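Beneath this line is the structure, given in structure tokens, with notes to follow.
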Amino acid sequence: MKNFLQQPFHLVTISPWPICTSLNLFFLMISMTKLFNTNEKLTLIISLISTIFCSYQWWRDTTRESSFQGFHSNYVIQGMKLGMILFIISEIFFFISFFWAYFHMFLAPSIEIGQLWPPSKMKYMMLNPYNLPLLNTIILISSGMFLSMAHYSIIMKKMKNSNFLMMMTILFGILFTFIQNFEYKNAMFSIFSSNYGTTFFMMTGFHGIHVLIGTIFIIISYQRLILNQFSNTHHIGFEASAWYWHFVDVVWLLLFLMVYWMPY
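Everything in the sequence shown is counted per this note's numbering, starting at 5 for the first residue and increasing by one.
Now the structure itself:
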């Protein structure tokens, strides 16, 4: 007689998507470096599309394991929540490194730039924080508010309200990205314009990438909500996207205060 080991965990099958996504992220970083040095955009676009494709396939398989095969027990969900929390913590340390570099130059500017921050020539090129940056702040905070209301609607079984609120969150996220792109194109300085320009574009640029990732994450959750794959008690995918989006909100508030407003 065979003995079966009773355990609540999901032993995943072999999947090509983790390694494919990792490789595409690696090539995405290389193509970004190439863009900075040679203004070559084609490799960046190809890497970005490949990363989105592999991520979508990975999400699809995870959705099938959860909604159709029933592998996501309470223990598995707890593990996913812990994994998402640890991932966000790693992202926090990622941005801490940029803020560290920024404040190293902000609090103790070197003699090469006249011991001024921002450098004297940059003072007249800086973006007015009360124009587009303030508008983007309102848009991003509003999107986080809509997402929180959508979460409450799911818990209260008001799925139609949640559909509308998630759609508004997605639209606001896309609008934020377009405004950020417009701001970049019309800025009077570039990533090569002193150490202020470098830190400005690195910090806001990486935040913009996180906004794009968060928007895609919410679009996937929105698609699953339309397909009735969420219930008022089982919606871990939505919760993970909401946590990530609120993290992006907090980072933007810090960027607005420290990079846009304080030097101005």
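Idealized CB from N, CA, C, for every residue including glycine. Note that the structure is predicted; figures quoted are calculated from it, not measured.
Residues 75 of the same chain have their beta carbon placed closer than 6 Å to that of residue 69, with the five preceding and five following residues left out of the count.
In this structure, the CA atom of residue 81 is about 29 Å from the CA atom of residue 256. Around the beta carbon of residue 148, 16 or more other beta carbons lie within 10 angstroms, which makes this residue buried. Counting of Cβ neighbours within 10 angstroms places residue 121 among the buried residues, the total reaching 16 or more. Inter-residue distance for residue 234 and residue 100 is about 34 Å (C-alpha atoms, whole angstroms). The alpha-carbon of residue 199 is positioned some 35 Å away from that of residue 23. Inclusion of residue 167 and residue 229 in the CB contact set at 8 Å is warranted, their separation being smaller than that value.
Residue 205 has its alpha-carbon roughly 15 Å from the corresponding atom of residue 98. C-alpha of residue 31 to C-alpha of residue 51: approximately 6 Å in a straight line. 135 is the residue among 90, 244 and 135 whose C-alpha sits nearest the C-alpha of residue 265. Annotation: residue 126 is outside any alpha helix (DSSP H) and is labelled neither H nor E by DSSP. Judged by DSSP in its simplified three-state form, residue 118 adopts coil rather than helix or strand. The Cβ neighbour count for residue 19, taken over all protein chains shown within 10 Å, is under 16; the residue is labelled exposed. Distance from the CA of residue 116 to the CA of residue 231, rounded to the nearest whole angstrom, comes to 59 Å. The beta strand (DSSP E) runs lying completely inside the segment 205-237 and spanning 3 residues or more number zero. In the displayed model, residue 136 falls within a helix according to three-state DSSP.
For the alpha helix (DSSP H) assignment, the uninterrupted runs of no fewer than 4 residues enclosed by the segment 36-111 are, from N- to C-terminal side, 46-67 and 78-111. Per DSSP, residue 244 is one residue of the alpha helix (DSSP H) stretching across 240-259.
Pairing residue 155 with residue 54, the inter-Cα distance amounts to about 30 Å. Secondary structure at residue 17: coil, using DSSP grouped into helix, strand and coil. By the beta-carbon neighbour count (other beta carbons within 10 angstroms, threshold 16), residue 16 is exposed. Within the same chain, 207, 258 and 262 come within 8 Å of residue 103 by CB-CB distance, once the 5 residues on both sides are set aside.
In the structure shown, the three-state DSSP call for residue 266 is coil. Here the C-alpha atom of residue 33 lies approximately 23 Å from the C-alpha atom of residue 222.
Rounded to whole angstroms, the gap between the alpha carbons of residue 44 and residue 128 is 30 Å. A buried status is given to residue 170, since no fewer than 16 other beta-carbon atoms sit within 10 Å of its beta-carbon.
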